[in-house]
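One structure below.
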Amino acid sequence: MGNISVHSEIGRLNTVIIHQPGVEMENMTPATAQEVLYDDILNLDLALEEHRQLTGVLRRVAKVHEFADLLCDILKDDKIKLQVVKDVCNLYGYPELVDDLMQLEACHLSQQFFTGTMLEKNTLER
Numbered sequence: 752m753g754n755i756s757v758h759s760e761i762g763r764l765n766t767v768i769i770h771q772p773g774v775e776m777e778n779m780t781p782a783t784a785q786e787v788l789y790d791d792i793l794n795l796d797l798a799l800e801e802h803r804q805l806t807g808v809l810r811r812v813a814k815v816h817e818f819a820d821l822l823c824d825i826l827k828d829d830k831i832k833l834q835v836v837k838d839v840c841n842l843y844g845y846p847e848l849v850d851d852l853m854q855l856e857a858c859h860l861s862q863q864f865f866t867g868t869m870l871e872k873n874t875l876e877r
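Quick note: to get my numbering, add 751 to the position in the sequence shown (first position is 1).
What follows is the structure, given as C-alpha cells:
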C-alpha cells in the first residue's frame with residue numbers, strides 16, 4: 752500500500768473504490784439518514800440503477816474495487832478482524848457485541864458493517 756499517492760484532483764483516474772447501495776438504505780429512517788449525512792431517504796432501486804451506470808462509466812477509465820470486497824479480504828486476518836470489530840463496537844458504544852461479531856465469517860461481517868446489527872430487545876437499557 753506504500754505506492755498510493757494523489758498528486759492531482761483533475762488528473763487521470765487510475766483506481767476507484769465504490770460501494771453498491773444495499774439493504775442498509777432500506778433500513779434507513781429519517782433520524783439515521785441525518786446521522787449518516789443524507790438529506791433524505793433514498794429510493795434503493797433508483798440508487799442501484801444510478802450506481803450501475805456510474806460504475807459502468809468508471810470501469811471504462813479506471814480499475815474499480817468494491818469496498819465490501821476489500822473489507823472482506825482484510826477481515827480474513829483474525830488479528831485485524833478483532834481490532835476492527837473492537838474499534839467499531841467501542842465507537843458505537845456496544846462492546847458487548849464483540850464476541851458475537853467475531854463469530855461471523857469475514858465476508859458476512861463485512862456486509863454486517865454496512866447493514867447494521869439487530870440488537871436483542873430483552874433489556875430496558877437501550
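A virtual CB, placed ideally from N, CA and C, is assigned to each residue, including glycine.
Please read all numbers here as calculations on a predicted model, not as lab measurements.
Inter-residue spacing [alpha-carbon to alpha-carbon] between L852 and N794 | Those two C-alpha atoms are separated by around 29 Å.
Secondary structure, alpha helix (DSSP H): runs of 4+ residues fully inside the stretch 809-847 = Counting whole runs of 4 or more residues, the stretch 809-847 contains the alpha helix (DSSP H) stretches 818-826, 829-843.
Can you grab the Cα-Cα spacing for the pair E856 / S759, in whole Å?
-> Straight-line spacing of the CA atoms in E856 and S759 works out to 38 Å.
Kindly indicate the opening and closing residues of the alpha helix (DSSP H) around T866.
-> T866: member of the alpha helix (DSSP H) spanning 857-866, first to last residue.
For my contact list, H816 and I768 are in at a C-beta cut-off of 8 Å; report their separation, rounded to the angstrom.
-> About 5 Å; that satisfies the 8 Å criterion.
Which residues in the same chain as F865 place their Cβ atom closer than 7 Å to its Cβ, once the five residues preceding and following it in sequence are excluded?
-> Result list for F865: G773, E775, A819, in chain order.
Would you check if the distance between the CB atom of L848 and the CB atom of C858 is smaller than 8 Å?
-> For L848 and C858, no; Cβs fall outside 8 Å.
Relative to the C-alpha of E800, which residue among Q771, R763, P781, D824 is closest?
-> The option with the nearest alpha carbon to E800 is Q771.
Is the Cβ-Cβ distance between G867 and N778 less than 8 Å?
-> Result yes, Cβ atoms of G867 and N778 sit closer than 8 Å.
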